[in-house]
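Numbering (the working numbering), first residue to last: 81 to 422.
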């Protein structure tokens, strides 16, 4: 069974489970009118929350979040051990450099750690360590020259153009009565920011509110002609709107949106220095996927051979069944590889 699990989806759960042993079981997670919500019940519910995963050929099913997290942690531990055995374990310096680079390039990561508190710096460092170890395993024995990197940049410059974008506050509403309430609030002098905060913190049915970045040039990704027309209209309005301006209601299917432009960023071509590291890594992965194409089979074999003791009785039997499915899938893969090599 192949598990497709988003790393950030489980960061909060990992942090909670990791800290559970050192917190008092009697400490509630919250209180409602002075009635405590028990921490132990909170953990039990976390373990069994259904989590969507992808199995087989794009089929989606649900698995308890606690079990999915345990499986992810087992895979990560086996992967790190494999990297150590093959001599490609990332060093602390490499991890720290990547952490610094990613926090610099993606302010949302730093915000998640320092402001939102959804993960700790140690949580993120561990994520980076696992990703680097996997990268090193895939690209073991692969080299990419400076000329290859430079040539790729020159031949694909359009891929490294950052389109002009607008940072906007928005509220999307279906109910005409609520739209009228918002119009009345604006007439009474309420700022659009306060209105967005009001509806994002107390969402009603059919209402979305918040902030986002919207590209106002370049190709538009739309699934239907209707979506394309809506996005073209929105883009045209934002191109002409001034910073600080709140738009009129913009039709969006069965809803409508009002938008305020917060900032506008002009489009620009990223320099070679900005993107050379990501280009090199992409080319290395491309070569590594051919040179080390059996790395996933090696990892599966290592998981099967690992001495894993499941202490949760509810999950022990499930784990054994999953390992049997993994064993069969690995045998089928090896059989196909032998047929191809003949």
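No residue lacks a Cβ here, since even glycine has one placed at the ideal position from N, Cα and C.
Since the structure is predicted, the reported quantities are computational estimates derived from the model, not experimental observations.
### Query
Are residue 21 and residue 280 closer than 8 Å when you measure CB to CB?
Missing from the structure shown is residue 21; the chain here goes from 81 to 422 and no further.
### Query
Cβ atoms of residue 321 and residue 330: under 8 Å apart, would you say?
Working through the chain shown from its first residue, we reach residue 330 at position 250. Working through the chain shown from its first residue, we reach residue 321 at position 241. Contact flag unset, no.
### Task
Can you tell me which of the three DSSP states residue 117 falls into?
Mapped onto the chain shown, residue 117 falls at position 37. DSSP places residue 117 within a strand segment (E or B) once states are collapsed to three.
### Whether residue 412 touches residue 347 by CB criterion (8 Å)
Mapped onto the chain shown, residue 412 falls at position 332. Mapped onto the chain shown, residue 347 falls at position 267. Contact flag unset, no.
### Query
Are the beta-carbon atoms belonging to residue 232 and residue 363 less than 8 Å from one another?
Within the chain shown, the letter at position 152 stands for residue 232. Within the chain shown, the letter at position 283 stands for residue 363. Closer than 8 Å, so yes.
### Query
If we count Cβ pairs, one from each stretch, closer than 8 Å, do we get three or more for the stretch 178 to 195 versus the stretch 205 to 214?
yes
### Task
Figure out for me which residue from 278, 317, 294 has the closest Cα to the Cα of residue 288.
Counted from its first residue, the chain shown places residue 288 at position 208. Closest by alpha carbon: 278.
#### Entry: Those residues which DSSP pairs with residue 241 across a bridge
Counting from 1 along the chain shown, the entry for residue 241 is found at position 161. 349, per the DSSP bridge assignment.
### Message
Rounded to whole angstroms, what is the Cα-Cα separation between residue 384 and residue 401?
### Response
Residue 384 sits at position 304 when you count from the first residue of the chain shown. Residue 401 sits at position 321 when you count from the first residue of the chain shown. Going from the Cα of residue 384 to the Cα of residue 401 covers about 12 Å.
### Query
Can residue 326 and residue 272 be called in contact, C-beta distance under 8 Å?
Here the question's residue 326 lines up with position 246 in the chain shown. Here the question's residue 272 lines up with position 192 in the chain shown. Taking 8 Å as the Cβ cut-off, residue 326 and residue 272 qualify as a contacting pair.
### Query
So residue 490 is in the beta strand (DSSP E); what residue range does that whole segment cover?
For residue 490 there is no data in the structure shown, the boundaries of the chain being 81 and 422.
### Enclosing beta strand (DSSP E) for residue 255 [first to last residue]
Counted from its first residue, the chain shown places residue 255 at position 175. Bounds of any beta strand (DSSP E) do not take in residue 255, whose DSSP letter is neither H nor E.
### Message
Pop quiz: residue 126 and residue 163 are said to be a contact at Cβ under 8 Å. What is the actual Cβ separation, rounded to whole angstroms?
### Response
For the purposes of this step, residue 126 is identified with residue 46 of the chain shown, where counting begins at 1. For the purposes of this step, residue 163 is identified with residue 83 of the chain shown, where counting begins at 1. At roughly 29 Å, the Cβ-Cβ gap does not stay under 8 Å, so residue 126 and residue 163 are not in contact.
### Query
Which residues in the same chain as residue 319 place their Cβ atom closer than 6 Å to its Cβ, once the five residues preceding and following it in sequence are excluded?
As a first step, residue 319 is located in the chain shown; it is residue number 239 there, counting from the start. If we look at residue 319 and ignore the five residues flanking it on each side, its Cβ neighbours are 296.
### Query
Can you tell me where the beta strand (DSSP E) with residue 309 in it begins and where it stops?
Working through the chain shown from its first residue, we reach residue 309 at position 229. From DSSP, residue 309 is part of no beta strand (DSSP E) but of the alpha helix (DSSP H) over 305 to 320.
### Message
Can you give me the C-alpha to C-alpha distance between residue 150 and residue 382, rounded to a whole angstrom?
### Response
Taking the first residue of the chain shown as 1, we reach residue 150 at position 70. Taking the first residue of the chain shown as 1, we reach residue 382 at position 302. Computed Cα separation, rounded: 16 Å.
### Message
Ignoring anything shorter than 4 residues, give me the alpha helix (DSSP H) runs that lie fully in the stretch 140 to 177, in order along the chain.
### Response
145 to 165
### Query
So, helix, strand or coil for residue 343, using DSSP?
Start at 1 with the first residue of the chain shown, and residue 343 comes out as number 263. Three-state DSSP puts residue 343 in a strand.
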